[in-house]
Amino acid sequence: MSRLVVVSYRLGASDGVSIEAAKWIAALRTLGHHVTTCAGDGVGDVVIPELAMHATSLLERGDLAAVLEDADVVVVENVVSLPFNVAARDALYEILDRRRAIFHHHDLPWQRPQWRDESAPRDQPTWRHVTINDLSRNELAARGVEATTIHNSFDCDPPLGRRSVTRAALGVGDERLVVFPSRVIPRKNVEGAIELATSLGAVLWLLGDAEDGYGATLEGLIDVALVRVVRGMPPGLDIHDVYAACDLVVVSSTWEGFGNPVLESVTHRRPLAVYPYPVLEEIRAFGFTFFDLKDVADLEEFLARPDDELHTHNAAIARTHFNVADLPGRLSVLLENLGVK
């Protein structure tokens, strides 16, 4: 049994990095490894506030080094991928010099407008880089860094949610319900979701909160919306209830590192309307059938007469290529490449 430490800006939250890190942690433990978690924010075996994205004080290198001291492998979740906390990034580079580490990149800096001129993550022979899509893997290769793609993975047999209970909690009744299952920031394009819900005469459910100073803009959009907008998760419900309650999932983002709700809509057998963000082309290439945001007439027809064959087709592809049950095997190969059994 090897000792692994997973390090992240944030763990245990509802963001994509936290969700995928939790799947990796579970898979590594399934393989028999001892896993300790270290985060700047959220939930971790060790929480170091100076490691958080927007830490107000500088990280003391010694505090982090003490957590990582006995690790056989350190798994770094996005800390060197996006430069939210440069002091934490540079401390990790120094601590992990010539040590075995896996850098799990959910994003890369040049994929965000404010960091277009940032250089690629550093590399060493004892380090392995993993991306969640081939687009990022190819962009790293163009910058001289070899990486492996391990797509995000999903429970292909999720629990059945409670449709009637959830709709009652929202006060929706028999109305058509479109869910926007993510936090609300500019690149999520909530305007596109509002436009779609308006075209379909549906209630729009914004599941997440406004972040990155987007609150005032969101309030303005809701004030002038021609559809009813409900917000947040009523107490006692979970994500499975969300998908059970909705009639349609909308992913209107202009950019996603992966876009977990895309595959979650598939595993929960719900139709999806999606904006063609760059990584979507990579996902669609596996053979999935989704609707575009502008396919209002086709969506109307599908919602009036659902086609279960579409869901069965999509679910089979997800089970073959994106099944969380296969994640331990994929991580085992990665660790063996580092000399870890």
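Letter by letter, the sequence shown follows residues 88 to 428 of the numbering used here. Quick reminder that beta carbons are idealized off the backbone N, C-alpha and C, glycines included.
* Asked: Is A255 buried or exposed, if buried means 16 or more other CB atoms sit within 10 Å of its CB?
  -> Per the 10 Å Cβ criterion, exposed.
* Could you spell out where the alpha helix (DSSP H) holding Y330 opens and where it closes? => DSSP places Y330 inside the alpha helix (DSSP H), whose first and last residues are 326–332.
* **Beta carbon of L247 nearer than 8 Å to that of A360** => Their beta carbons are not under 8 Å apart, which means L247 does not touch A360 by this criterion.
* Quick one, which of E298, A188, V383, N401 has its alpha-carbon nearest R371's? -> Per the Cα distances, N401.
* Taking only runs of the alpha helix (DSSP H) that begin and end inside the segment 268–329, which ones reach a length of at least 4 residues, in chain order? -> Here the runs fully enclosed are 277–287, 302–311.
* To do: Rank Q201, V259, L155, D204 by C-alpha distance to the C-alpha of E181 and give the top, closest one.
  => Restricting attention to Q201, V259, L155, D204, the CA atom closest to the CA of E181 is found in L155.
* Near P415, which residues of its chain fall below 6 Å by C-beta distance, leaving aside the five closest residues on each side in sequence? -> Residues of the same chain with a CB within less than 6 Å of the CB of P415, apart from the 5 flanking positions on each side, are A114, T117, L118 in chain order.
* Starting from the Cα of V166, find the closest Cα among A158, G149, A139 and give me that residue. => The option with the nearest alpha carbon to V166 is A139.
* Enclosing beta strand (DSSP E) for D128 [first to last residue] -> Unbroken beta strand (DSSP E) run through D128: 121–129.
* Provide the residue span of the alpha helix (DSSP H) that contains H387, from first to last. => According to the sequence as given, residue 387 is Glu; it is not His. Here the alpha helix (DSSP H) through E387 covers 383–391.
* To do: Going by CA-CA distance only, name the one from D159, W197, Q198 that's closest to R185.
  => Residue D159 is the option with its Cα nearest to R185.
* **Counted within 10 angstroms of its Cβ, other Cβ atoms place T143 as buried (16 or more) or exposed** => So T143 counts as exposed.
* Using the Cα positions of S340 and L283, report the straight-line distance between them to the nearest angstrom. => Spanning the two alpha carbons is a distance of roughly 13 Å.
* How long is the line joining the alpha carbons of L40 and V353, rounded to whole angstroms? -> One cannot answer for residue 40 here, as it falls past the ends of the chain, which runs 88 to 428.
* **Beta-ladder partner(s) of H191, from DSSP** => H191 is bridged to E164, V217.
* Decide yes or no for the touch test of the segment 91–99 against the segment 118–136: beta carbon pairs closer than 8 Å, at least 3 of them. => Because the criterion of three Cβ pairs below 8 Å is met, the segment 91–99 and the segment 118–136 touch.
* CB-CB under 6 Å to R356, same chain, minus the five flanking residues each way: which ones, in chain order? -> Excluding sequence neighbours, R356 sits near H398.
* **Residue interval of the beta strand (DSSP E) (run including S419)** => S419 -> not in any beta strand (DSSP E); alpha helix (DSSP H) instead, spanning 414–424.
* To do: With a 10 Å radius around its C-beta and 16 neighbouring C-beta atoms as the bar for buried, classify A405 as buried or exposed.
  => By the 10 Å Cβ count, A405 comes out buried.
* For H141, count neighbouring C-beta atoms within 10 Å of its own C-beta (all shown protein chains included) and say buried if the count is 16 or more, exposed if not. => The residue is exposed, with fewer than 16 neighbouring Cβ atoms inside 10 Å.
* Where DSSP assigns a beta bridge to F345, which residues make up the other side? -> Beta-bridge pairing links F345 to no other residue.
* Rounded separation between D132 and V122 - CA only -> When rounded, the separation of the alpha-carbon atoms in D132 and V122 is 10 Å.
* Between G295, R250, N424, A108, which lies nearest to F241 when the distance is taken from Cα to Cα? -> Measuring from the Cα of F241, the nearest candidate turns out to be A108.
* Paired residues, beta bridge with R97 - DSSP -> Looking at the DSSP output, R97 sits in a beta bridge with D128.
* Rounded to a whole number of angstroms, what is the C-alpha to C-alpha distance between P273 and Q211? -> If you take the alpha carbons of P273 and Q211, they lie about 36 Å apart.
* Return the chain-ordered list of same chain residues with a C-beta closer than 7 Å to the C-beta of E226, the five sequence neighbours on each side being excluded. => Around E226: L195.
* Asked: Should N220 and V366 be called a contact, given that it needs their Cβ atoms to be closer than 8 Å?
  -> Yes; because the gap between Cβ atoms is below 8 Å, this pair is in contact.
* To do: Label A153 either buried or exposed according to how many other C-beta atoms from any shown protein chain fall within 10 Å of its C-beta, with 16 as the threshold for buried.
  => With a threshold of 16 other beta carbon atoms within 10 Å, A153 falls short and is exposed.
* Asked: Taking buried to mean at least 16 other C-beta atoms within 10 Å of its own C-beta, is E164 buried or exposed?
  -> With at least 16 other beta carbons inside 10 angstroms of its own, E164 counts as buried.
* Ordered along the chain, which non-local residues of its own chain (more than five positions away) have a Cβ less than 8 Å from that of G258? -> Short of 8 Å from the beta carbon of G258, and not among the five residues preceding or following it, lie these beta carbons of its own chain, in chain order: V317.
* Extent of the continuous alpha helix (DSSP H) run through L367 -> Per DSSP, L367 is one residue of the alpha helix (DSSP H) stretching across 365–371.
* Are the beta-carbon atoms belonging to P245 and H120 less than 8 Å from one another? -> Against a cut-off of 8 Å, the Cβ pair of H120 and P245 comes out as no contact.
* Asked: So, is S168 buried or exposed, given that buried needs 16 or more other C-beta atoms within 10 angstroms?
  -> Looking at its Cβ environment, which holds 16 or more other Cβ atoms inside 10 Å, S168 is buried.
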